[in-house]
Structures are given as structure tokens and as C-alpha cells.
Amino acid sequence: MSNGEWHGAWSAALDELELDVSTVELMLADEHRHAETPPASLWKPPTELGALPLELKPRADEILTRQLKAAEEIARRMTATKQQMTMTTKIETGEAVKRPVYVDRAM
1 MSNGEWHGAW SAALDELELD VSTVELMLAD EHRHAETPPA SLWKPPTELG ALPLELKPRA
61 DEILTRQLKA AEEIARRMTA TKQQMTMTTK IETGEAVKRP VYVDRAM
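To convert, note that position 91 of the sequence shown is 91 in my numbering; the numbers rise steadily by one, no gaps.
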């Protein structure tokens, strides 16, 4: 594989990875869209390309930063959803509001 082909193949791989993270970012920005269109397929890293060209490292680092930020937001939302589900269950069973029961003996 020539140097130009190697660089081009890595650029194409990064394009695909960047498209995936952009899709996740859009879904996080629009929760209704996420519910309607879950992610289709997972990105698989290329195995035949060898090492990443040095000049593409800043772009790969930026994509990784975006992926980590998106993963952090997904984890935060999952935790919030779990807490909300727990509270909903308590409300439905009456456990969320424990009221003391008083008996008026004066009457």
C-alpha cells in the first residue's frame, strides 16, 4: 500500500468514526429522535491499515475526546433514568410518601 493510499484509508476510517460520534451527539441533543431511531451498527476499527499516520493523530484525538464526552453523557442519562424509575416505582407502591397515621381519641 502506497503512502497516499495508507493516508487515504486512514482518513476514510476516521470519517466513518466521526460520522458515528456525530450521530450519537445528535441523538443526545434530540431525545425524541433517539427513541425513534436507535443506533444501527457499531464501528469496527480497521485491522489492515497498520499505525495511524502522525498527521492524522490530532483529528483522531479530537474524535476520541468527543466519544468520551458522549459516553459520559450517556452514562449520566442512564443514571438519571434509573433514579427516576426508582422514584416512580416508590410512588406507584406508596413507598415514596410515608404519612403517619393519627387516631383522634378526643372524639
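Positions of the beta carbon are idealized from the N, C-alpha and C atoms, including for glycine.
DSSP state of residue i mapped onto helix, strand, coil
{"i": "residue 49", "result": "coil"}
{"i": "residue 75", "result": "helix"}
{"i": "residue 2", "result": "coil"}
{"i": "residue 105", "result": "coil"}
{"i": "residue 10", "result": "helix"}
{"i": "residue 30", "result": "coil"}
{"i": "residue 57", "result": "helix"}
{"i": "residue 69", "result": "helix"}
{"i": "residue 44", "result": "coil"}
Cβ-based burial, residue i [other Cβ within 10 Å; buried from 16]
{"i": "residue 103", "result": "exposed"}
{"i": "residue 78", "result": "exposed"}
{"i": "residue 27", "result": "buried"}
{"i": "residue 19", "result": "exposed"}
{"i": "residue 64", "result": "exposed"}
{"i": "residue 68", "result": "exposed"}
{"i": "residue 54", "result": "exposed"}
### Cβ contact (3+ pairs, closer than 8 angstroms) linking the segment 4–17 and the segment 44–57
yes
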